[in-house]
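S.K.:
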Amino acid sequence: MALFGAFIMSCSDNHHKRPELNTGSFDLDSIKARGRLIAVTDFNSTDYFIYRGEPMGFHYELLKAFCDHLGVDLEIVPAGNNLSEAFDMLNTGKVDLLAFGLTVTESRRKGIQFTEPIDCTRQVLVQRKPHRWENMTSTALEGRLLRKPADLANKSIFVQKGSSPVEQLNLLSGKNNKPVNVIEVPFESEVLIQLVDRGEIEYAVCDEDIALVNSTYYPGIDVSTTLSAPQSLAWGIRKENSQRLLGELNRWITTFRSTQTYAMLYAKYFKNTRSRSIIRSDYYTLSSGKVSQWDDIIKEFSVEIKWDWRLLASLICQESRFIPDVKSRKGAYGLMQVMPETGEHFGIDITTSPRNNIRAGVKFIIFLHSVFDSKITDENERIKFILAAYNAGPGHILDAMKLAAKNGKNPQKWDDNVAEWLQKKTEPRYYNDIDVKNGFFKGKESVAFVNEILARYEHYKNIIPENEEPISYVQR
């Protein structure tokens, strides 16, 4: 049990500050005014994860669809798959919504409101098949596995702390007058399943949908013993000041669940034969910490521009989806979609290697810093301008800054200010303005470019830990 002990120690040492109480309005109007919905969801192979640099997951895609319906952005706040922390974040106003498969129970109704069901499931026992089970007859195999709730008597069953299986196991224990040793631990279901598969623990209980998906990754586990009747799974919101949000969610869920889109989404995450290859990929970020095969090079070059490597990775993902030899219709090439003349300006052949392509892209970013560092004092705002200029070229961004200043907007703020005026450069009265030096430009793409990179960067920060120290790099 040494490995299991290490798991306990690492989780116990991970302390989180209690969020401060948000005393403002939490309902739908305030969410729309804010322009974003803030949610907690679980990080695992079905709910929310990153694969090949892109965020994915059943509940993540549901959240995106609901936010599109509302016309707001999505912000996911990590809670470390800690149920008690997630509930605390909801009730203290740090988040608007608990967006994962919460089993609807009467005890939970005392603290939160549930939406209409997102799905339904049963609780199942996760147990390890005996050694050389592949060579056993089905009868012999069945004789070695626990198949009745009464078989759990005097067994140690591991469950996620605060989860609904705790209540179910305690009910079974009382019903059979035979004690079940329920051990609550701060791990979500997928970690418990892994521990069963490794032989670190003998038994765990979790929701059937999660168990079935994971049984395709770990053929040595059995998840066929059911311990409950079907139970509704729903999202949760706070009880106070959220009635309009609840009403909108319920209307949307009821409609969306009847669509083909929902059916395809469910099949994608719970019935997909590719799930096993995804979870075992080097680019399943939850287990590998990687987003691409180029991570080491990205980390090296991020030092030169003093960027978080995850931000540079998100830019590269946006430009090329990490495909090293992709070429655009306009002639931009490679991971960072550098124009050949840009590479030539810096004395770099952008086609010779992925490293050289990234080097040229980083040289261009250094140049953009020289343009905007003195003009934009706030570092976070400056990044938005530099990303926009990477896509549009600095001239169009400088034009938009001038237009913003002339029309009463802040030329050092991007959202709702310079971004708005960049998009107005399709109108003759603005692109013909005397202070505009670079003419007509369709700025909508550049605004989306910035938004998508920064949104993906937030997902990377949620799931990939930041390096403690800068990556050292060799002289080039």
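For the sequence shown, my numbering assigns the number 19 to the initial residue and increments by one for each residue that follows.
For every residue, glycine included, the Cβ atom is placed at its ideal position computed from N, Cα and C.
1. With distances taken from CA atoms, which of V58, A97, N99 is nearest L80?
2. Between the region 353 to 365 and the region 386 to 395, do at least 3 Cβ pairs fall closer than 8 angstroms?
3. Near L267, which residues of its chain fall below 6 angstroms by C-beta distance, leaving aside the five closest residues on each side in sequence?
4. Can you list, in chain order, the residues of its chain whose CB lies under 7 angstroms from that of V200, leaving out five sequence neighbours each side?
5. Give a yes or no on contact between the region 457 to 477 and the region 61 to 79, applying the rule of three or more CB pairs nearer than 8 angstroms.
6. DSSP three-state call for F467: helix, strand or coil?
7. Check whether the region 269 to 279 and the region 149 to 167 touch, using three or more Cβ-Cβ pairs below 8 angstroms as the test.
8. Measure the Cβ-Cβ separation of N480 and P96 and say whether it is below 7 angstroms.
9. Does DSSP put F76 in a helix, a strand or coil?
10. Contact defined as beta carbons within less than 8 angstroms: I believe G119 pairs with D137. What is the distance between those atoms, to the nearest angstrom?
11. Hey, out of L416, E226, L333, T139, whose CA is closest to Q430's CA?
12. Count the other CB atoms, across all protein chains shown, that sit within 10 Å of the CB of F61; report buried if there are 16 or more and exposed otherwise.
13. Indicate the three-state DSSP secondary structure (helix, strand or coil) for V203 in the structure shown.
14. Quick check on this structure: which residue in A423, A418, T155, G426 has the alpha carbon closest to the alpha carbon of A437?
15. Report the partner residues of T243 according to the DSSP bridge assignment.
16. Would you list the residues sitting across from E93 in a DSSP beta bridge?
17. Within the same chain, show all residues whose beta-carbon is closer than 7 angstroms to that of V380, passing over the 5 residues directly before and after it, in chain order.
18. Please state the DSSP three-state secondary structure of K345.
19. Between the Cα of F382 and the Cα atoms of P372, D396, H363, which residue gives the shortest distance?
M.R.: Straight from the coordinates:
1. Residue V58 is the option with its Cα nearest to L80.
2. No, the region 353 to 365 is not in contact with the region 386 to 395.
3. Result list for L267: T133, in chain order.
4. Cβ within range, chain order: I175, V177, V184, L187, N188.
5. Three or more Cβ pairs closer than 8 angstroms define a contact, and the region 457 to 477 meets that threshold against the region 61 to 79.
6. Assignment of F467 by DSSP, reduced to helix, strand and coil, places it in the helix class.
7. Under the 8 angstroms Cβ criterion, the region 269 to 279 does not count as touching the region 149 to 167, having fewer than three qualifying pairs.
8. Less than 7 angstroms separates the beta-carbon of N480 from that of P96.
9. Reduced to three states, the DSSP call for F76 is helix.
10. About 6 angstroms separates the two Cβ atoms, so the contact holds.
11. Nearest of L416, E226, L333, T139 to Q430, Cα basis: L416.
12. By the 16-neighbour rule on beta-carbons within 10 angstroms, F61 is buried.
13. V203: strand per DSSP, three-state reduction.
14. Per the Cα distances, A418.
15. Note: T243 sits in a beta bridge opposite L143.
16. Note: E93 is bridge-paired with I56 in the DSSP secondary-structure output.
17. Cβ neighbours of V380 beyond the five flanking positions: F319, E322, I323.
18. Under the three-state reduction of DSSP, K345 is assigned to strand.
19. Out of P372, D396, H363, H363 has the C-alpha closest to the C-alpha of F382.
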